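J.: Just so you know, the sequence shown maps onto residues 139 to 489 in the numbering used here. We put the CB at the ideal spot given by N, CA and C, even for glycine. Computed from a prediction, not measured in an experiment: that's the story for all the values here. Supplied in structure tokens, the structure appears directly below.
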Amino acid sequence: MPQTQKALFLESKFGEFKIRERDLPIVTSGHLLVRIEAVGLNPVDWKVQKYGILLEDYPAIIGTDISGLVVDVGEGVSGFAAGDRVFFQGAWEHDKAGFQQYTLADATLAAKIPSKVSFDEAASIPVALAAATVGLYLPPPHGAGRVAPFEDSTRGQYAESRGPISRNPIIIFGGATSVGQYAIQLAKLSGFSPIITTASLKHNEYLKSLGATHVLNRDLPHKELASEVSTITSTPIKLVYDAVSLPDTQQSAYSLLADGGDLVLVLREVIEPVEGKRIINAFGVFTLPHSRELGVQLYGKLTELLEEGSIKANRVEVIPDGLNGVVAGLERLKSDQVSGTKLIAHPQETQ
Ligand SMILES: NC(=O)c1ccc[n+]([C@@H]2O[C@H](COP(=O)([O-])OP(=O)(O)OC[C@H]3O[C@@H](n4cnc5c(N)ncnc54)[C@H](OP(=O)(O)O)[C@@H]3O)[C@@H](O)[C@H]2O)c1
Numbered sequence: 139m140p141q142t143q144k145a146l147f148l149e150s151k152f153g154e155f156k157i158r159e160r161d162l163p164i165v166t167s168g169h170l171l172v173r174i175e176a177v178g179l180n181p182v183d184w185k186v187q188k189y190g191i192l193l194e195d196y197p198a199i200i201g202t203d204i205s206g207l208v209v210d211v212g213e214g215v216s217g218f219a220a221g222d223r224v225f226f227q228g229a230w231e232h233d234k235a236g237f238q239q240y241t242l243a244d245a246t247l248a249a250k251i252p253s254k255v256s257f258d259e260a261a262s263i264p265v266a267l268a269a270a271t272v273g274l275y276l277p278p279p280h281g282a283g284r285v286a287p288f289e290d291s292t293r294g295q296y297a298e299s300r301g302p303i304s305r306n307p308i309i310i311f312g313g314a315t316s317v318g319q320y321a322i323q324l325a326k327l328s329g330f331s332p333i334i335t336t337a338s339l340k341h342n343e344y345l346k347s348l349g350a351t352h353v354l355n356r357d358l359p360h361k362e363l364a365s366e367v368s369t370i371t372s373t374p375i376k377l378v379y380d381a382v383s384l385p386d387t388q389q390s391a392y393s394l395l396a397d398g399g400d401l402v403l404v405l406r407e408v409i410e411p412v413e414g415k416r417i418i419n420a421f422g423v424f425t426l427p428h429s430r431e432l433g434v435q436l437y438g439k440l441t442e443l444l445e446e447g448s449i450k451a452n453r454v455e456v457i458p459d460g461l462n463g464v465v466a467g468l469e470r471l472k473s474d475q476v477s478g479t480k481l482i483a484h485p486q487e488t489q
């Protein structure tokens, strides 16, 4: 193992990214030391730089969608050994972030990668799946409080045959976003039906393969969208997940929501709340006291869910030049040039 590694530092608030050498983290109790093979890029990674949000300590290392090889195991860890292929959500701490070549993982929030899933695919999962899981299943006010489908006894909880409600619809705005793709798959695991989503229609077949029953054109004006929805189901819509959460989708999503329903947002709300229609701000991390238990439950099942194909990774595009390529990748995300795929970098290829 080398003594030092390359890391991509965000040098200061609103500052530049720069690659520098730093020591490898030393494995601590309960953690894995991981050689990062793939790291996913997320919209928040460019927003931190552009808007100076969410981070106060600089220089910082960011990037939190991580997969790699375990190279050392800390005290008290069971179930993992050197050589295991794992994936997990990193954190914006020098020793836990993903835009570098080695990092630490909390073993209770890591999962092994099944052989049929690549490092690249695995790195598309953690952040977006966390946002979808938290928003749907944490109790209010952190989530919509639906029952998580991660046990055999709770899978399909909302299916027609399981309860008094004959149909249990959900609308997911932005089905082709990374978050939306996982929300669709979770909705299917939970047994929601119909699963209505908005997207560019070129994604129709793909989103149906993930579990969407109806894909509606993302560019429909609200009135036409509402009319299409009403031809699909007459059951009041009690759950809408807005994986886009821009002002117009928030407005449209909230209007479609029935009284007593929950709207889950991935960005801060800009709409005026009305009584009886709850707005949930999903924060997709499992390291908070209220979210850790759900995260441990999910990560305990995730290998199996991937193996059986109940959760499929996003489609991925590998960007060139290792960590040097991340800045250009983030520019593409910033300018909406990425459609229905996750950008992935290979830190080990950094020159
Ligand atoms: N709260 C959290 O914890 C959390 C976690 C992760 C992400 N987020 C936020 O969630 C949002 C989505 O993140 P992501 O990583 O999933 O995004 P992403 O995959 O990079 O999103 C790209 C996709 O957005 C789709 N899109 C853009 N505008 C749309 C619209 N008006 N209607 C429907 N689809 C639209 C595009 O569809 P086309 O293919 O049709 O162009 C494209 O496929 C971002 O704002 C991100 O910052 C929040």
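#1: Output yes or no for whether 7 angstroms exceeds the beta carbon distance between Val-423 and Thr-246.
#2: Do you know whose CA, among Val-272, Val-367, Glu-410, Phe-152, lies nearest Leu-394's CA?
#3: Looking only at DSSP bridge pairs, what is Ser-205 linked to?
#4: In this structure, how does DSSP classify Gln-187 when only helix, strand and coil are distinguished?
#5: To the nearest angstrom, how far is it from the Cα of Lys-151 to the Cα of Val-464?
#6: For Ile-370, I'd like the list of residues in its chain whose CB is within less than 7 angstroms of its CB, leaving aside the five on either flank, ordered along the chain.
#7: Are there 16 or more other CB atoms within 10 angstroms of the CB of Val-255, so buried, or fewer, so exposed?
#8: Going by DSSP, name the residue or residues bridged to Ala-114.
#9: Looking only at DSSP bridge pairs, what is Ile-334 linked to?
#10: Taking the DSSP output, what are the residues bridged to Ile-417?
#11: Which of the three DSSP states, helix, strand or coil, is assigned to Ile-199?
#12: Quick one: Cα of Leu-148 to Cα of Ile-375, how far?
#13: Restricting to Cα atoms, I'd like to know which of Phe-288, Glu-289, Ala-269 is closest to His-280.
#14: Lys-326 lies in the beta strand (DSSP E); which residues open and close that run?
#15: Hey, is the segment 166-176 in contact with the segment 204-213, meaning 3+ C-beta pairs nearer than 8 angstroms?
#16: Alpha carbon to alpha carbon, how far is Glu-413 from Ile-191?
#17: In the segment 454-482, which residue ranges form an unbroken beta strand (DSSP E) of at least 3 residues, counting only runs that do not cross its ends?
#18: Does at least one heavy atom of ligand 1 sit under 6 angstroms from the Cβ of Ala-245?
#19: Just the Cα atoms here: how many angstroms apart are Ser-304 and Ser-328?
#20: Run the CB neighbour count on Pro-302, radius 10 Å, all protein chains shown included, and call it buried at 16 or more, exposed below.
#21: Just to confirm, are Gly-467 and Leu-179 a CB contact at a threshold of 7 angstroms?
#22: Going by DSSP, name the residue or residues bridged to Leu-377.
#23: Mapping the DSSP letters down to three states, classify Ser-304 as helix, strand or coil.
#24: Contact defined as beta carbons within less than 8 angstroms: I believe Thr-387 pairs with Gly-312. What is the distance between those atoms, to the nearest angstrom?
#25: What does a CB cutoff of less than 8 angstroms around Leu-339 pick up in its chain, not counting 5 residues either side in sequence?
#26: According to DSSP, Thr-250 sits in a beta bridge with which residue or residues?
#27: Would you say Asn-508 touches ligand 1, meaning its beta carbon is less than 6 angstroms from a heavy atom?
#28: For Ile-418, collect the residues of the same chain with a Cβ closer than 8 angstroms to its Cβ; drop the 5 residues on either side in sequence, then sort them by chain order.
#29: To the nearest whole angstrom, what separates the beta carbons of Phe-237 and Leu-461, a pair I think is in contact under 8 angstroms?
#30: Spatial neighbours of Lys-156 within its chain, please: CB distance less than 6 angstroms, with the 5 preceding and 5 following residues excluded, ordered by chain position.
#31: Can you give me the Cβ contacts of Gln-141 inside the same chain, cut-off strictly under 8 angstroms, excluding the 5 residues immediately before and after it?
#32: In three-state terms, what does DSSP make of Val-211?
#33: Put His-428 into one of helix, strand or coil per three-state DSSP.
T.: According to the data block:
#1: no
#2: Val-367
#3: Ala-176, Phe-225
#4: helix
#5: 18 angstroms
#6: Pro-332, Ile-334, His-352
#7: buried
#8: Absent from the structure is residue 114, since the part of the chain shown begins at 139 and ends at 489.
#9: Ile-309, His-352
#10: Leu-401
#11: coil
#12: 43 angstroms
#13: Ala-269
#14: Not the beta strand (DSSP E): Lys-326 falls in the alpha helix (DSSP H), residues 316-328.
#15: yes
#16: 30 angstroms
#17: 454-456
#18: no
#19: For Ser-304, the predicted model reports a pLDDT of 47, less than 50, meaning its position is unreliable; a value from the coordinates is still stated below. Each residue's alpha carbon lies about 15 angstroms from the other.
#20: Only weak support is given to the placement of Pro-302: the predicted model assigns it a pLDDT of 48, under 50, and the value that follows is read from those uncertain coordinates. Exposed is the call here.
#21: yes
#22: Asp-400
#23: Any reading at Ser-304 must be qualified, since the residue scores a pLDDT of 47, below 50, and its modelled position is unreliable; the value itself is stated next. Coil at Ser-304, not helix or strand.
#24: 7 angstroms
#25: Val-353, Asn-355
#26: First, the amino acid is wrong: residue 250 is Lys here, not Thr. Answer is Val-224.
#27: This structure cannot speak to residue 508, because the chain is shown only from 139 to 489.
#28: Gly-273, Pro-278, Pro-279, His-280, Gly-281, Ala-282, Asp-400, Leu-401, Val-402, Leu-403
#29: 6 angstroms
#30: Phe-147, Glu-149
#31: Asp-161, Leu-162
#32: strand
#33: coil
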